[in-house]
Amino acid sequence: YNMVGFQTKMTYPEQLRVLRMIPGLERAEFVRLGSIHRNTFVDSPRLIRPTLQLKARDDLFLAGQMVGVEGYVESAAAGLLAGINAANLVMNRELIVPPAETAVGSLVAYITDSARRDFQPMNANYGLMPDLKIRVRGREKKIEMGTRALAAIDGWIERNQIEPPAAMAPRALRL
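Residue 722 in the numbering used here is what sits at position 167 of the sequence shown, and the numbering runs on without skipping anything.
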């Protein structure tokens, strides 16, 4: 069993009690119990631009958990954006910032919003995206936000003249 995460705010005796309630683990020996950990992160709203460059140094990019994104996919996406922008910088190309209507763009907007006080790391979520102009709820709201995100990314790709990999069929990312 991989039970990382759920038990980290519980005392060791309470973890043992709860874990032993799981069928098959009544007499298990646990090598190590969970404990709270803290990720180190920088004060991104004051230190980092939406291109993931340090405000004080154009040639230094930061990404991953250290900029205040939470999650494997979010950290990988931030790394990809920082890497693309680092390459663009050395090739004298314009640096890019994904649209705020997208998951990555809204997360980057969150971590680089200089008006933000008491900054804390965040996962990508619908709450970070700009509000819709129409009033819808539930599944319909998510569909509308997804449709808007696809339109925003299409426009962004066209404006930035981003070429998809040759093997990728047009609109394949929308499956």
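The C-beta atom is built at its ideal place from N, Cα and C for all residues, glycine as well.
Can you tell me which residues form a DSSP beta bridge with residue i?
i, result
"L580", "In the DSSP output, where bridge partners are listed per residue, L580 has none listed."
"L609", "I603, R612"
"V624", "M677"
Between the C-alpha atoms of residue i and residue j, what's the straight-line distance to the nearest angstrom?
i, j, result
"I639", "S590", "36 Å"
"S669", "E569", "41 Å"
"R593", "Q620", "11 Å"
"R694", "G682", "14 Å"
"M677", "I666", "8 Å"
"D598", "G579", "45 Å"
"P654", "F585", "46 Å"
"A664", "A679", "11 Å"
"D613", "L644", "9 Å"
"M723", "Q675", "Because the pLDDT at M723 is just 47, under 50, the model does not fix this residue reliably, and the value given afterwards should be weighed accordingly. Between M723 and Q675, the C-alpha separation is close to 36 Å."
"A707", "R692", "21 Å"
"R791", "A611", "Residue 791 lies beyond the range of the chain shown here (556 to 730); nothing can be said about it."
"F596", "N647", "29 Å"
"K696", "A583", "46 Å"
Applying the 10 Å Cβ sphere with the 16-neighbour rule, what's the burial state of residue i?
i, result
"E629", "buried"
"M576", "exposed"
"L574", "buried"
"M684", "buried"
"A633", "buried"
"E656", "buried"
"L635", "exposed"
"A637", "buried"
Tell me which residues share the same chain as residue i and place their Cβ nearer than 6 Å to its Cβ, disregarding the 5 neighbours each side in the sequence.
i, result
"A727", "Summary for A727: the model assigns pLDDT 48, below 50, so the residue's position carries little reliability; its value from the coordinates is reported in the next sentence. For A727, where only same-chain residues beyond five positions count, there are no Cβ hits under 6 Å."
"L588", "Y567, Q570"
"L687", "E699"
Beta-carbon within less than 7 Å of residue i's beta-carbon, same chain only, minus the 5 sequence neighbours each way: which residues are those?
i, result
"N715", "I651"
"A641", "F616"
"R671", "P600"
Using C-beta distances below 8 Å, list every residue in its chain close to residue i, excluding the 5 sequence neighbours before and after it, in chain order.
i, result
"G710", "P654"
Checklist entry - Counting pairs of Cβ atoms below 8 Å between the stretch 618-632 and the stretch 699-716, do you hit three or more? => result no
Checklist entry - Counting Cβ pairs, one atom from each stretch, are 3 or more of them under 8 Å apart for the stretch 601-621 and the stretch 651-668? => result yes
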